[in-house]
Amino acid sequence: MITRVSFKQAEIALAITTAAVGFIVYLNTLCPTVNFIDSGELATVCYKLGVAHPTGYPLFTLVGYLFSHIPMGMRVIYQLNLFAAVLCSVGLFIYFRLLVFLFNTTSMKSKQRASESSELTEKSVFTVLLPAFAGTLLLGFSKTYWSQALSIEVYSLHIVLLGIVLLSFIKAIQVEQELKASKTTQIISKQWLIFAYVLGLAFTNHLSTIFLAPALLVAFFSVCGFSKIVWKRLLVMGVPFLMGFSVYLYLPFRAINQPVLNWGNPVDFSSFIRHLTGKVYRVWFLDSSESVLKQFKLFFETLPSEFAYVSVIVALLGCWKLLSESRRTFIFTCFLFMGSVIIASFYDIHDIETYFLLAYLTMGIWIAFGIKFFIEFSANLRVKKVITGIIVALIILTGYLNYNQVDESNMTIVEQYTNDMLSSVAKNGIVLTFQWDYFVSAAYYLQFVEGVRPDVIIIDKELLRRTWYFAQLQKQYPWLMKASKDELDSFLKELYKFENDLPYDPRLIEFQYTSLIHSIVEKNWNTRPVYCSPEIEQQYINIFQKVPSGLIFRLYPGSETEMKEMQIKEFNFSFPHKLNKYSTGLLSFYSQSYMNQGMYLQFYQKHEESQPLFQKGKELQSALQRTR
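Here's what the structure looks like:
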């Protein structure tokens, strides 16, 4: 014994330390404001208790609501980004405990484990606590895990729940094995009830919890068998599972009150099931064998850089170490890993990385066992201390290599862009757009939480293809829907057939859809300024002239026979230090807007005024090319 501190006390203390180290790093790299994609929407949903995009994420919404209303004196969006950092830090705490439990169950008999948990020894420090500490931090500093801690997203809570589900499941399996060894028979233990409840909760946060199924089912039946008692146990476990899963009832109960963001409007059974199952996204599931192979290849191509390359080699040694200590646990982790990679690869989306989180969590297990292999390589204490130093250096190296790639501390360009978009619109203007990732989502937060330019009416062109969206527009802008009632009724009649799997004519739906957009523009331009963003196809605005107005275009009826008044717009944004496909795309919008203003002036022979705009556009394009 090296100290009077018990093993359990040391375990808890080091778990807290691990979480604290992660939190300090996450806090230093935290996004200060709204971010790309769903950040603004999720912040609005949490703060206003709304309904998020499928599958609704009710547990995340409720927990986020509680956290966002803690009086901290912060902007709501920063507080919710902090929420992500807290969750991912809690995830490290749970993951550390999971690794310690795995080390104990794979390498020690139950009596030895009980002894080991009562006192802290040199062996337990080097072969249990140190590998768990290193494996946890190497996971915490991997790119995808780290990125989930920096701005509001549902995957931060998903990480916590995955850890709890795995830990509770492994504990339940351990209890089952001990009961078998003692020849004790019982239908169910407390651990199975805890596991079932947490599993139900996990599904109410994200349906990708299903990725656990192959590993959990194989492990469960291989240990428990297929006897009548086992089937009775599953029936009993269904009760706590449904108790956890019942959090989904939040969706219809909240939707009845028509919150400011009410995606899917799941007020009846069919819309509730459609929203819960994410039916609208099934078009991207199993799209083609080529897309599956593409996603599968992407995972293995990016895997080494996730863990700063060296750790992947350590993980391979960890697989060998785990196989030699516990074949059953090794097979379990293989099913966790491949189940996640294979099932996620069926989903053809561009931001697929987060769907591989379970595979990255499994990599952390293998890395921890690989580190244990190195430590046990020598019985000499001095050599172990050297290896410890190398491990610490590996953790620091991983954090250093991934720091600049994940750092969001100066990522303010989304809010700047959204403000520039809003400032491009005159009072009470209507904006037709399809920029969810850059503008629409962020604008939800700025308008409905912070009250920035509430006079601007933003219409997402693609959401106009969904019935529920019109209920939301009807509540917010009844005058807008009333003006286009005839076109809307005709479109909804055809859209109903499509959404309810009835025979429909796609050409008629598209015709009615186009007519509705034309109506929205034509019946409002003379009383309110109407705008469209650059990506809106010409077919939807073909009878209108597009006049540059900052980042967007103002629409006027008629041809380009006379020049309309155009106010040259200067933008206020900071060039981000981290460029990815999203920030690059956003900066391209800025560059193109300068060029659009310049081309409009040049078309009307305003050559002298157009040249500075062309110059700014070219300078921004050159800056983008230099950073690629």
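Under this note's numbering, residue 628 is the last one in the sequence shown; the count climbs by one each step, no gaps.
The beta-carbon is built from N, C-alpha and C at its ideal position, and this holds for glycine as well.
Quick caveat, the model's predicted, so the values are computed rather than measured.
Ends of the alpha helix (DSSP H) at residue i?
i: LEU150; result: No alpha helix (DSSP H) contains LEU150, which DSSP labels as neither H nor E.
i: LEU242; result: 228 to 245
i: LEU480; result: 478 to 483
i: LEU401; result: 381 to 406
i: TYR582; result: 581 to 603
i: LEU261; result: Run containing LEU261: none; DSSP gives neither H nor E here.
i: ILE509; result: 506 to 522
i: ASP420; result: 413 to 423
i: GLU41; result: 39 to 48
i: ARG327; result: 327 to 345
i: GLU535; result: It is not in any alpha helix (DSSP H) - GLU535 carries neither H nor E in the DSSP assignment.
i: ASN205; result: 190 to 205
What residues in its chain sit with their C-beta under 6 Å from that of residue i, if we drop five residues either side in the sequence?
i: PHE67; result: PHE83
i: GLN447; result: PRO454
i: LEU207; result: THR55
i: ALA43; result: ILE77, LEU80, ILE152 and TYR445
i: PHE291; result: Here residue 291 turns out to be Ser, not Phe, going by the sequence shown. Contacts found: ASP348.
i: PHE614; result: GLY598
i: LEU601; result: GLU609 and SER610
Could you check which residue in the options has the C-alpha nearest to that of residue i?
i: ALA219; options: ILE194, GLY370, PHE169 and PRO266; result: PHE169
i: ASP407; options: TYR250, SER151, ALA213 and SER182; result: SER151
i: LEU129; options: LYS143, GLN148 and TYR95; result: TYR95
i: VAL51; options: PRO534, GLY264, TRP231 and ILE159; result: GLY264
i: ASN572; options: TRP525, MET421, LEU601 and MET566; result: MET421
i: LEU30; options: GLY617, ASN404 and HIS69; result: ASN404
i: LEU358; options: LEU139, ILE173 and LEU620; result: LEU139
i: ALA196; options: LEU235, SER326 and TYR590; result: LEU235
i: SER515; options: ILE391, ILE194 and GLU487; result: GLU487
i: GLN597; options: GLN567, LEU624, TRP366 and PHE269; result: GLN567
i: TYR57; options: ILE12, SER156 and GLU494; result: SER156
i: PHE511; options: LEU502, LYS523, ARG382 and LEU495; result: LEU495
i: SER89; options: THR18, ARG274, ASN419 and PRO214; result: THR18
i: LEU87; options: PHE126, CYS46 and PHE23; result: PHE23
i: GLN148; options: TYR360, SER271 and GLN177; result: TYR360
i: PHE377; options: THR127, PHE93 and ARG4; result: THR127
Starting from residue i, trace the beta strand (DSSP E) in both directions and tell me its first and last residue.
i: PRO548; result: 544 to 549
i: VAL431; result: 430 to 433
i: PRO557; result: 552 to 557
i: ASP460; result: 457 to 460
i: TYR531; result: 530 to 532
Among residues of its own chain, excluding the 5 on either side of residue i, which ones have a beta-carbon nearer than 7 Å to its beta-carbon?
i: PHE245; result: GLY200, PHE203 and THR204
i: VAL267; result: PRO252, ALA255 and ILE256
i: ILE387; result: PHE374 and ILE375
i: TYR477; result: ILE457
i: GLN539; result: THR514
i: TRP525; result: LEU555 and PRO557
i: GLU353; result: THR144
i: LYS616; result: TYR594
i: LEU401; result: ALA308
Report the rounded CA-to-CA distance for residue i versus residue j, giving the unit in angstroms.
i: LEU14; j: ALA20; result: 10 Å
i: SER39; j: PHE434; result: 16 Å
i: ASN500; j: SER142; result: 43 Å
i: PRO557; j: ILE543; result: 6 Å
i: VAL425; j: TYR438; result: 16 Å
i: VAL631; j: VAL25; result: Not covered by the structure: residue 631. The range shown for the chain is 1 to 628.
i: PHE285; j: ASN580; result: 25 Å
i: HIS518; j: MET237; result: 55 Å
i: PRO131; j: TRP468; result: 51 Å
i: GLY364; j: LYS546; result: 53 Å
i: PRO304; j: THR144; result: 12 Å
i: LEU464; j: VAL160; result: 35 Å
i: ASP409; j: SER222; result: The amino acid occupying residue 409 in the given sequence is Ser; Asp does not appear at that position. Using only the alpha carbons, I get a separation of about 47 Å.
i: LYS232; j: LEU336; result: 26 Å
i: MET1; j: LEU381; result: Legend: pLDDT at MET1 = 44, less than 50; position of this residue unreliable, no value from coordinates given.
i: PHE133; j: TRP146; result: 16 Å
Tell me which same chain residues have a C-beta within less than 8 Å of the C-beta of residue i, skipping the five on either side of it?
i: LEU620; result: LEU587, TYR590, SER591 and TYR594
i: SER115; result: Any answer about SER115 is weak, because its pLDDT of 41 lies below 50 and its placement is not dependable; what the coordinates show is given next. Within the same chain, SER115 has no close Cβ partners at all.
i: THR209; result: HIS158, LEU161, LEU162, VAL165, LEU199, ALA202 and PHE203
i: LEU179; result: THR185, GLN186 and SER189
i: LYS48; result: PRO259, VAL260, LEU261, PHE448 and VAL449
Three CB pairs or more closer than 8 Å across the segment 117 to 129 and the segment 70 to 87: Between the segment 117 to 129 and the segment 70 to 87 there are fewer than three C-beta pairs closer than 8 Å, too few to call the two in contact.
Counting Cβ pairs, one atom from each stretch, are 3 or more of them under 8 Å apart for the segment 27 to 35 and the segment 411 to 421? Cβ pair count under 8 Å is three or more, so yes.
Check whether the segment 365 to 372 and the segment 315 to 325 are in contact - that is, three or more C-beta pairs closer than 8 Å. Yes, they touch.
Specify whether the segment 528 to 537 and the segment 501 to 512 touch according to this definition: at least 3 beta carbon pairs, one from each stretch, less than 8 Å apart. The segment 528 to 537 is not in contact with the segment 501 to 512.
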